[in-house]
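Residue 21 is where the sequence shown starts when you use the working numbering, and the numbers rise one by one after that.
For each residue, glycine too, the CB sits at the ideal point set by N, CA and C.
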Amino acid sequence: MSTPLVLLALLATGAKHGYELKREHDERLPGAKPLPYGQVYSTLQRLERDAFVAVAGVVQEGGPERTLYELTPKGDEKLQGWLAETEPPLPYVGGALFARVIMALVAGGDARAALDRQRAAHLERMRELTRTKTAPGTSAAAVLAADYALLHLDADLRWMELALRRLADLTEEIKR
Numbered sequence: 021m022s023t024p025l026v027l028l029a030l031l032a033t034g035a036k037h038g039y040e041l042k043r044e045h046d047e048r049l050p051g052a053k054p055l056p057y058g059q060v061y062s063t064l065q066r067l068e069r070d071a072f073v074a075v076a077g078v079v080q081e082g083g084p085e086r087t088l089y090e091l092t093p094k095g096d097e098k099l100q101g102w103l104a105e106t107e108p109p110l111p112y113v114g115g116a117l118f119a120r121v122i123m124a125l126v127a128g129g130d131a132r133a134a135l136d137r138q139r140a141a142h143l144e145r146m147r148e149l150t151r152t153k154t155a156p157g158t159s160a161a162a163v164l165a166a167d168y169a170l171l172h173l174d175a176d177l178r179w180m181e182l183a184l185r186r187l188a189d190l191t192e193e194i195k196r
């Protein structure tokens with residue numbers, strides 16, 4: 021996820037200050053890692069430097085002054101370009117789970133036990149996500165985020181089952 025592009029998208033609905041952008045990011049992208057305030061402000065500074073956003077004013081809402089930022093035409097052009105792009109599928113299999121299984125075999129560890137532990141962790145996370153998405157009052161965005169995560173976890177589980185079935189062949193290949 022590109023934080024600068026997400027901030028540009030959030031500014032497409034109107035001028036906002038950093039606190040609003042952080043809050044809206046965290047609300048609209050449930051399941052994503054919460055955005056640190058420092059990252060919001062440093063990203064806004066770079067976006068302003070590159071003329072993708074401009075200062076729209078300063079407001080004081082019962083606390084410290086807050087700088088409002090707005091999307092510039094250059095920023096909107098950048099945003100529209102990003103929205104029109106297709107996210108490319110990952111070109112390499114480099115997941116930590118894959119590496120752990122192979123390296124367990126290389127180092128003489130117990131790959132089967134590692135897969136069993138990982139399967140248990142995945143199933144627990146899937147139960148948590150299912151509780152989250154079925155809780156009363158859960159937002160549509162939170163349900164969609166949970167579904168996204170559940171489907172990825174399910175794909176991992178299917179891969180783990182396949183890996184377990186192929187452990188003997190993998191072990192033999194690695195011993196050569």
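- Contact holds between the region 52-64 and the region 36-44, because three or more Cβ pairs, one in each stretch, are under 8 Å apart.
- Beta-carbon to beta-carbon, Val78 and Arg86 are separated by about 7 Å, close enough to satisfy the 8 Å threshold.
- Contact between the region 95-102 and the region 22-29 is present: 3 or more CB-CB pairs across the two stretches fall below 8 Å.
- Following the DSSP letters along the chain, one finds Ala76 inside the beta strand (DSSP E) bounded by residues 73-80.
- DSSP places Thr191 within a helical segment (H, G or I) once states are collapsed to three.
- Under the DSSP assignment, Arg86 falls in the beta strand (DSSP E) whose first and last residues are 85-91.
- In the displayed model, Lys53 falls within coil according to three-state DSSP, outside both helix and strand.
- Residue pairing by DSSP leaves His142 without any beta bridge partner.
- For Thr33, the closest C-alpha among the options Glu90, Thr150, Glu81 is that of Glu90.
- The beta carbon of Arg145 sits closer than 7 Å to those of Leu173, all from its chain and outside the five residues before and after it, given in chain order.
- A straight-line Cα-Cα distance of about 8 Å links Ala166 and Pro50.
- A direct Cα-Cα distance of roughly 28 Å separates Leu110 from Phe72.
- Between the C-alpha atoms of Glu81 and Lys36 there is a straight-line separation of about 13 Å.
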